[in-house]
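Chemist: Submitted below is the structure of interest, expressed as structure tokens.
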Amino acid sequence: VPPKDSSCMINALMLHHFKRGAYYPKGGASEIPFHITKVIQKYGGSVLVRAPVSRILVDKKGAAY
Numbered sequence: 076v077p078p079k080d081s082s083c084m085i086n087a088l089m090l091h092h093f094k095r096g097a098y099y100p101k102g103g104a105s106e107i108p109f110h111i112t113k114v115i116q117k118y119g120g121s122v123l124v125r126a127p128v129s130r131i132l133v134d135k136k137g138a139a140y
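Under my numbering, the first residue of the sequence shown is numbered 76, with each subsequent residue one higher.
This is how it looks when you write it as structure tokens:
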């Protein structure tokens, strides 16, 4: 979201966060999905990348399942 479209409070919180030293994963943000994939596979799930999506199943409240 560009700063002009967000609230003053959000921008102030972001500035405060970065002034104190922002945190990020060692190796960069790509490390998060890399490690989450291992956990998903450990518990029997699968992760597909660059796979075509034909539909997303949602319940009556609009939550995906």
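Even glycine gets a Cβ: it sits at the ideal position worked out from N, Cα and C.
Here the structure is a predicted model, which means the values were calculated and not measured.
(1) Would you kindly check if the distance between the Cβ of residue 112 and the Cβ of residue 122 is under 8 Å?
(2) Quick one: what's got a C-beta closer than 8 Å to residue 131's C-beta in the same chain, skipping five residues either side?
(3) Taking the alpha-carbon positions, what's the residue 86 to residue 117 distance?
(4) Provide the residue span of the alpha helix (DSSP H) that contains residue 114, from first to last.
Modeler: Once the coordinates are examined:
(1) yes
(2) 139
(3) 39 Å
(4) 106 to 117
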